[in-house]
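All remarks here apply to the structure that follows.
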Amino acid sequence: MPKSNLGYPAPAAGPGSASDTFWGTGRGKGKNAPSGAPAGGPSDDRAFTSPATSTSASGRVFTLGFCLLLIALFCLSLGVQLLHHFACDHPYVMFAFDGKHYLSTSQAMAGAFLLLFKGNVTGFFATIGGAAFGKNLIWDGPIIPGIPALFFALLGRVPQESDWSYFAIYFSVLASLSAVLLAVTARLLTGSMRAALTCSILAGLVFALYPTTLLATGVYRSEILGVTLMLAFLLALYKAPQNRAAAVAAGVLGGVFAMVKPVMIPAIGLLCLFAGLHARGIDRYGDPIRLAKIKLLSLLALAGVCTIASWSIYTAVDCGKLSITAERGPSYNAGVGTDLGADGWCTMPETEHVAVAKLNKSPAAVFLQEWKAHPFALAKLTMRRVTRLWGNPWNDFREPIFGLSMQMQVAIHLVLVAVGFMGLGLYLLFPPVLAADFKAPEYRGGNPRLLGNLAIIALLSHFSFTLFQTMGRYAYTSMPLLILFGAYGLAVMHAHVAASIERSRVGAKKSWLASSKVYGAAFCGLTCALLAINCDSFTHAGESVEVTHVLRTGEAAVRKVDLAAAPLKVSPAAALVLVDLGAQPDSAADLQIRLNGHELAGPLLPLNCFNGQTYFLFDTMAEHAGFMRASVKDFRQWRAVLVENRGWLVKDGPNEIEVINRGTSDLTLFGDRKGIQPLLLPSPNYFASDRMLVKLINNESRINILAPVLDESGNDRSLTRGTAGDARQLPDILRVRLAIVNAPVVAVGSTAPSPSTLAAPSSDPVDFASAPVVPEVQVALDAKKFHWFARTADGIHVNRAVLKGVGAVSCDTDLKPLAEMANKIRAGQAQAATQVAV
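Okay, structure coming up:
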């Protein structure tokens, strides 16, 4: 009796029978294969598709039933997207962050298109030749802002922020189309497996309902368009060997994809090369195989070059520098990617390393220099970025989706990542079965292995993000590929279970070899996923780590700072006590601060409140909080209190700082456990907005207003004292610091201490200014910025809590005029430079 791929006795084959599924090729040329099975394929345990209905019949994939399911999938996906955007309560963040300059470029491009449609060719070329237009376009590229601009130009107008609903519909349609393309890709990859139809539709449905997809269609970014282009590009490459029209389409899609995602350019070139060298069947045009491959590669390259050529010519003529894609500051990104001090995060202000690196015209030179100097440290940093890539889903605003909390979204995301890598392991061990006539000149079907291998290259190309700054948003384009392999893996697992049931039915012995291969491959893939998710913690071994301490009611945290061990670098004019405090709105009011036994007056305020000239650095966090419907005080951040009497400082010895919890609830403090390399972040000297976005629970703020913050060297370790006075030594240093400032400081909105308060006793050599200067606080209403103003469906509203949290206004300030002025400016009815003093 012949045997199937799984080693089971094969019953008589017949159309529609159970034996019509899961038979594959035997070893060698037909050994152990059932009657009618293809020869020359993989081993017995490596295929699950039917020989009778293998992928040679690719035309049978698009049956009427499958096409109807695809239409239903598109309609369901689009309906859910629109329901989320227009029927659910959530912040309107379409033009947050990068969306602001994308919209600005779309407006400029739409204006140029309108001139062209009206026949004003001279005005069109004058507009696109302008310096401002070229600057915006060279930064954003022509595709991302160009498609919406063309749509609005056809409508006869320029897009405005009030048109966010049009953008939401546009991105929802793209996401629904991507779900359909993913289902088609999964159907071609799974071939005629028994669960192929179910798994392919399931793949599209999972991607459509993936919470991050619902979020991504509500933000003006490149990710949704990038996913659609990537899937269409892979399908075109899959068909390119058999169809020259598909090859042209693949080249065009590759060129457009390159202008949308510049970091993927090496991967796009590799994908085209792989498809050209490994494809079969193009000799349908009568060419020898070698000549056919050369023609295919030439056709792909020519189509791609022609697609990008017009853009490159424009950049060379208008900007003076030929470019094949958008200019995204490659040397700056290389500097961030090799910044060991900031752990690979970009910061405001820039670290010294990044400031020097961005001046280098060659990003490759930056990488080569730093990797040559610090190979081991940069290798660890690259590994931990894998966790930053896939460890958390993209959800900058912690937005719940249809009642799913952020924690539940993380769980769903991790399950998809784990199942995806598990499916990848099963694909590598059990690739699709090729048709019996695959090598024949008359073969007209597709090559499922080519499609799967192209998907692997596209998936692995996302590791290039680990060389730069990395976050969950950059991994979003990899999620449909992980879902694709997850669907394939489920089909393989279903095939194995079905074959086991068939084996039991015919009374054959169980194949332990087949089971061990299936479950072993699944286990290896799952292990890779778990390693990827936990790389961050593995790579911090021996380094400094952040620790959390709970300060209970009545307890005191004590920190000693020795000024003699950390000599002053400047002539101090004031001093602050800083505490890194958890995200608890009322925690600052519950803390009592003592310096050398002297109680400091006034509550702990956000650190930025002590310098009105640095509010612009606070905009990102303030806007972020506004979109989260929160206040800045809800963020974990450094808080500070002024040392109003310099005589309380001990310059030549240790200063004891006590932080006492006088409230009724526990408070959260943070500390550093020292290791080989000190932590630069979190730090009061830097604000890392992207690090803040990646954090799941505690958002963070850091503002650089202090020069300098004393170094930790020579400082004693911290301890806590309970209500009974007993002390407990802590194994790390609490983030309770003494900051010496070289300029007079007064918290915004507070009363300036009198000169007598700051008078220096003759015994203290520290020279304070006679009186501090109260900074003038202004809120600049800029048409291109938002500054604490939250967007809503009917315009811009001022978030009172945000303004109060940053210390800009008091509770009694009338905020309505500010909101009205902002809306007028956004509508172009007032001057953008108008300023209103608070």
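For the sequence shown, the numbering used here begins at 241 and goes up steadily by one. Beta carbons: idealized from backbone N, C-alpha and C, even for Gly.
Asked	Found
Using a Cβ distance threshold of 8 Å, determine whether the segment 418-430 contacts the segment 396-403, with at least three qualifying pairs required.	no
Three-state secondary structure (DSSP) at Q877?	strand
Quick check on DSSP: helix, strand or coil for E898?	strand
Where do the N-terminal and C-terminal ends of the alpha helix (DSSP H) with D776 fall, by residue?	C775 to F778
For T547, which three-state DSSP category applies?	helix
From G575 to V976, what distance separates their C-alpha atoms?	31 Å
Around the Cβ of G562, are there at least 16 other Cβ atoms within 10 angstroms (buried) or fewer (exposed)?	Residue identity check: residue 562 is Leu in the sequence provided, not Gly. So L562 counts as exposed.
Is Q609 helix, strand or coil by DSSP?	helix
Quick one: residues in its chain with C-beta nearer than 6 Å to the C-beta of R286, no 5 flanking neighbours on either side, listed in chain order?	Confidence at R286 is low in this model, with a pLDDT of 40, below 50, so the placement of that residue is unreliable and no value is reported for it.
Is it true that the segment 704-718 meets the segment 642-651, where meeting means three or more beta-carbon pairs spaced less than 8 Å apart?	no
Tell whether a beta-carbon distance below 8 Å holds between Y728 and T430.	yes
Here's the rule I'm using: 16 or more other beta-carbon atoms within 10 Å means buried, otherwise exposed. How should K358 be labelled?	exposed
Do G631 and A761 have their C-beta atoms closer together than 8 Å?	no
Give the DSSP-derived three-state secondary structure of F302 in the structure shown.	coil
Using the three-state DSSP reduction, which class does K1082 fall into: helix, strand or coil?	It is not possible to answer for residue 1082, since the shown part of the chain is limited to 241 through 1078.
So what's V883 in DSSP terms, helix, strand or just coil?	coil
Is there contact between the segment 501-508 and the segment 548-563, where contact requires at least three CB pairs shorter than 8 Å?	no
In terms of DSSP beta bridges, what is F1093 paired with?	Residue numbering for the chain in the displayed model covers 241 to 1078; residue 1093 lies beyond these limits and cannot be assessed.
Residues in the same chain with beta-carbon distance under 8 Å from V500, minus the five sequence neighbours each way, listed in chain order, please.	G381, I383, I384, S462, L465, G466 and L469
Around the Cβ of P528, are there at least 16 other Cβ atoms within 10 angstroms (buried) or fewer (exposed)?	exposed
Can you list, in chain order, the residues of its chain with a C-beta nearer than 7 Å to that of H330? Leave out the 5 residues immediately preceding and following it.	E639
Pick helix, strand or coil for D329, following the three-state DSSP scheme.	coil
Determine whether the Cβ of F637 lies closer than 8 Å to any Cβ atom of chain D.	No chain D appears in this structure, which consists of one protein chain only.
Quick one: grab the DSSP three-state call for R689.	helix
Which residue from H736, V496 and P388 puts its Cα closest to that of A541?	V496
Quick one, which of A448, A435, V459 and A532 has its alpha-carbon nearest A483's?	Note that residue 483 is Asn in the sequence shown, not Ala. Comparing Cα-Cα distances from N483 to each of A448, A435, V459 and A532, the minimum goes to A532.
Would A815 pass as a contact of L599 if the rule is Cβ separation under 8 Å?	no
Determine which residues share a DSSP beta bridge with H838 and list them.	L835
Buried or exposed: which applies to K757, given that a residue is buried once 16 or more other Cβ atoms fall within 10 Å of its Cβ?	buried
Which residues mark the beginning and the end of the alpha helix (DSSP H) in which S515 is found?	It is Ala, not Ser, that sits at residue 515 in the sequence shown. Segment I505 to H518, the alpha helix (DSSP H) holding A515.
Measuring straight from C-alpha to C-alpha, what distance separates E592 and A498?	32 Å
The alpha helix (DSSP H) spanning K501 covers which residue range?	Per DSSP, K501 belongs to no alpha helix (DSSP H) and is neither H nor E.
So, under 8 Å CB-CB, G444 and V420 are touching, yes? Tell me the CB distance rounded to an integer number of Å.	6 Å
Just mark R240 as buried or exposed, buried being the case when its beta carbon has 16 or more other beta carbons within 10 Å.	Since the first and last residues shown for the chain are 241 and 1078, residue 240 lies out of range.
Can you list, in chain order, the residues of its chain with a C-beta nearer than 6 Å to that of A543? Leave out the 5 residues immediately preceding and following it.	V488, G491 and V492
Consult DSSP for A815 and reduce its assignment to one of helix, strand or coil.	strand
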